Each structure stands twice: as C-alpha cells, then as structure tokens.
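**Q** Numbering (UniProt numbering), first residue to last: 1 to 83. Glycine included, each C-beta is placed from N, C-alpha and C at the ideal position. If you're wondering where the values come from, they're calculated on a predicted model, not measured in any experiment. I'd like to ask some things about the structure below.
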C-alpha cells in the first residue's frame, strides 16, 4: 500500500500544469472529492488541457470533454496525470 502512495507522489497533478499544456487523467487521489470530480467529467483516461489561471493563481480552468471546468487549486491537486 505504501508503494502505491509513493507512486502517486511522483505523478504530476493538474495543479502543476502550465497554460496550454495537455495531459491524460491517471487517477483521483481524494475519494470524497473524487466522486464530485468524476461527476464533472474528470474520468481516468480523459484528456485535459490547462486553459487559464486567475490573476492570483486560484481558481484555474481546464478543458475536459469539450467544456471548461473551473477548479480550486486544492481540487486540481487531487487529479493526477499519466506520465
């Protein structure tokens, strides 16, 4: 179990993406927030694109399934990307 946690630490999260960068969702870290994110279309295997950041950095917007989704940084941090 600890090995899996270490594996996730090495993965990049949506929070770390640069504007215009694309990635594919690997997994969601937080089970409670994960359900909310799944309902909003953040499903493992789905491509996401960093769209914009607010002037102070929070919130951000990503494009997922051809629509724009606004996320707080703490939410974005729980979305991990495939390497």
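Excluding sequence positions up to five away, which residues of its chain have a Cβ less than 7 Å from the Cβ of residue 5?
**A** In this predicted model, residue 5 has a pLDDT of only 47, less than 50, meaning its place in the structure is not dependable; the value taken from the coordinates is given anyway. If we look at residue 5 and ignore the five residues flanking it on each side, it has no Cβ neighbours.
**Q** Once the 5 residues before and after residue 19 are set aside, which same chain residues still bring their CB inside 8 Å of it?
**A** Cβ within range, chain order: 50, 51, 52 and 53.
**Q** Alpha carbon to alpha carbon, how far is residue 62 from residue 73? Give it in angstroms, no decimals.
**A** Distance between the alpha carbons of residue 73 and residue 62 is about 11 Å.
**Q** Between which residues of its own chain and residue 27 is the CB-CB distance below 7 Å, once the five residues before and five after are set aside?
**A** Cβ neighbours of residue 27 beyond the five flanking positions: 44 and 80.
**Q** Could you check what DSSP says for residue 49 in three-state terms: helix, strand or coil?
**A** If DSSP states are grouped into helix, strand and coil, residue 49 belongs with the strands.
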